[in-house]
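Data block below; observations after.
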Ligand code: SF4
Ligand code: SF4
């Protein structure tokens, strides 16, 4: 699982979530080098921030669409496959039921959209993200 829709498991809670790709949960992801970043993301205009240590690229990632990584079958940075948020880690550890996690994600996506439309205050939204995903 992970940042985003990893592996062939169609039941992964990450499929349709993508909150760690769109800049909601984390603002940057680390990369080892240009090769780790990969041609698909470079082709979408993603650039490494060379002044950062470790090297990173900025989110939101242009490859995420409706919570799915559109370059998953091509090449993603290794950090994408390794990333686990608190919620996905809870599912992996057996502490959070799959269905419960799906409901939390659905509610969070709705909250994110409300935030983007100015219907939810930023501090309320961030508090929710901090408490569930970080
Ligand atoms: S935020 Fe968590 S649950 Fe959502 S895609 Fe990322 S790792 Fe998966
Ligand atoms: S490459 Fe895919 S998994 Fe990685 S941040 Fe972008 S959309 Fe998410």
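Residue numbers (this note's numbering): 549 to 682. Backbone N, C-alpha and C define an ideal beta-carbon position, used for all residues, glycine too.
6 Å Cβ shell around residue i - same chain, five flanking residues per side excluded
i, result
"residue 610", "592"
"residue 555", "Low per-residue confidence applies at residue 555: pLDDT is 46, beneath 50, and the placement is therefore not dependable, though the value from the model is reported in the following sentence. Nothing listed; no residue qualifies."
"residue 603", "579, 596"
Residue i to residue j span [Cα, whole Å]
i, j, result
"residue 668", "residue 579", "33 Å"
"residue 643", "residue 680", "13 Å"
"residue 628", "residue 570", "12 Å"
"residue 626", "residue 672", "32 Å"
"residue 698", "residue 605", "Any question about residue 698 goes unanswered here, given that the chain covers just 549 to 682."
Residue i burial status per 10 Å Cβ neighbour count (16 or more: buried)
i, result
"residue 670", "exposed"
"residue 636", "buried"
"residue 656", "buried"
"residue 589", "buried"
"residue 666", "exposed"
"residue 645", "exposed"
"residue 600", "exposed"
"residue 633", "buried"
Given residue i as reference, the closest of the options once Cα atoms are compared
i, options, result
"residue 675", "559, 666, 659", "659"
"residue 612", "585, 653, 651, 563", "563"
"residue 654", "615, 594, 678, 640", "615"
Neighbourhood of residue i by C-beta, 7 Å cutoff - its chain only, sequence neighbours within 5 removed
i, result
"residue 664", "none"
"residue 587", "623"
Near ligand 1: residue i beta-carbon under 6 Å from a heavy atom
i, result
"residue 636", "yes"
"residue 644", "no"
"residue 677", "no"
"residue 577", "no"
Proximity test, residue i beta-carbon vs ligand 2 heavy atom, cut-off 6 Å
i, result
"residue 600", "no"
"residue 587", "no"
"residue 604", "no"
"residue 612", "yes"
"residue 660", "no"
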